[in-house]
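In the numbering used here, the protein residues as written are 20 to 112.
Structure (structure tokens):
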């Protein structure tokens with residue numbers, strides 16, 4: 020039963036984080052950068068949702084230093100998104 024609860028909470032937090040970050044990322048990218056590429060918005064939102072889920076997981080264990088390091092690692096991993104998008108633009112031209 021513990022693993023069912025863990026699996027539910029892990030995905031619940033991930034989906035909630037992704038959903039709300041999608042709404043905000045879409046709004047701010049469109050408003051300030053006039054950027055509407057749905058694939059990039061979805062990738063950034065998924066990354067933010069995953070970062071939020073991982074941070075909550077470590078925060079629940081009261082291991083805040085690991086939570087901070089995990090957040091940094093997740094955000095660094097997201098730097099691939101603009102690179103992939105740029106490569107995609109180059110290949111399509």
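Idealized CB from N, CA, C, for every residue including glycine. Bear in mind that the values here come from a model prediction, so they are computed numbers and not experimental data.
{"Item": "Backbone secondary structure at residue 98 - three-state DSSP", "Value": "coil"}
{"Item": "Whole-number beta carbon distance between residue 45 and residue 67, since they are thought to touch under 8 Å", "Value": "Not a contact, Cβ separation roughly 12 Å."}
{"Item": "Reduced DSSP secondary structure (H/G/I, E/B, other) of residue 28", "Value": "helix"}
{"Item": "Exposure of residue 64, with buried meaning 16 or more beta-carbon neighbours within 10 Å", "Value": "buried"}
{"Item": "Helix, strand or coil at residue 111 [DSSP, three-state]", "Value": "helix"}
{"Item": "C-alpha distance - residue 75 paired with residue 86, whole-angstrom precision", "Value": "8 Å"}
{"Item": "For residue 20, three-class secondary structure by DSSP", "Value": "coil"}
{"Item": "Burial state of residue 22, where buried means 16 or more other Cβ atoms lie within 10 Å", "Value": "exposed"}
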